[in-house]
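Just add 276 to wherever you are in the sequence shown, counting from 1, and you've got this note's numbering.
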Amino acid sequence: VFDMLKKGFHMSNPIQEKIVHGEKLFPFAAYEFTPAFPPELFTAHWHSDYEIIYMQKGAVTFGINGISYPLSAHQALMVNPYQIHYSVSANTSDFSFTSIVFGNSLVFPSTESRIYTRYIHPSAREYIRFFPVLTQGTASGMDSLKSIEKICLLDKSRPLCYEMEIQILLLSVFCNLLLADEINRTS
């Protein structure tokens, strides 16, 4: 799918999400899902943004490219750009999760930067495979979840400089994921 999307076949794809998340200078948005806005409305789609789905309470099963990932409270799911993702089912009647969607430019302002070319560029990503589910079972997972939880709080309260803090926290999540990937490949 990724190769087809890179070649431009996505232009007529009916499941491409066309929503602009945030604004040009701050491409970030957080959406809350509860029983009042059920996850069944979270239908199969893809976009060129990153997405982190954070479960605050309850349990919901999500899918990424045909693979199911059940999430429960205080777990998160990392969705990379161009991956088809969707909710499968709510596993409990009382749940809430936040979908954090952000553009590449928020965390990597320049595709010419060393950080982008070394770790994020698609050619580098061939060697880096993030495990999509973040749990409290590892130090990197626990640190990432704390950052994600703080991002959710910052988005709600929007104190002075919240944009910078969100950007820093997102970079921290990426760093944790990269470090965890390196540990997994060398063990």
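Heads up, the beta-carbon is just placed ideally off N, CA and C, and yes, glycines get one too.
- Cβ-Cβ separation between residue 380 and residue 359: approximately 14 Å, too far for a contact (criterion under 8 Å).
- Under DSSP, the beta-bridge partners assigned to residue 354 are 328.
- Using a Cβ distance threshold of 7 Å, residue 383 and residue 446 count as a contacting pair.
- With contacts defined as CB atoms closer than 7 Å, residue 329 and residue 375 qualify as a contacting pair.
- Beta-bridge pairing by DSSP links residue 410 to 352.
- For residue 320, the CB contacts under 8 Å within the same chain, skipping 5 residues up- and downstream, are 291, 339, 360, 361 and 362 in chain order.
- Residue 415: member of the alpha helix (DSSP H) spanning 415 to 433, first to last residue.
- Collapsing the DSSP output to three states places residue 375 in a strand.
- Closest option to residue 366, judged by alpha-carbon separation, among 353, 336 and 352: 336.
- Boundaries around residue 364 are those of the beta strand (DSSP E), 361 to 366, since no alpha helix (DSSP H) includes it.
- Per DSSP, residue 336 is one residue of the beta strand (DSSP E) stretching across 335 to 340.
- Each of 452, 327, 301 and 373 was checked against the Cα of residue 415, and the nearest Cα belongs to 452.
- When beta bridges are read from the DSSP output, residue 346 appears opposite 337.
- The Cβ atoms of residue 454 and residue 395 sit closer than 7 Å to each other.
- Take the alpha-carbon of residue 430 and the one of residue 442: they are about 7 Å apart.
- Nearest neighbour of residue 323 by Cα position, chosen from 387, 296 and 331, turns out to be 296.
- In this structure, 425 is the residue among 433, 457, 425 and 293 with its C-alpha nearest to the C-alpha of residue 373.
- Per DSSP, the beta bridge partners of residue 302 are 299.
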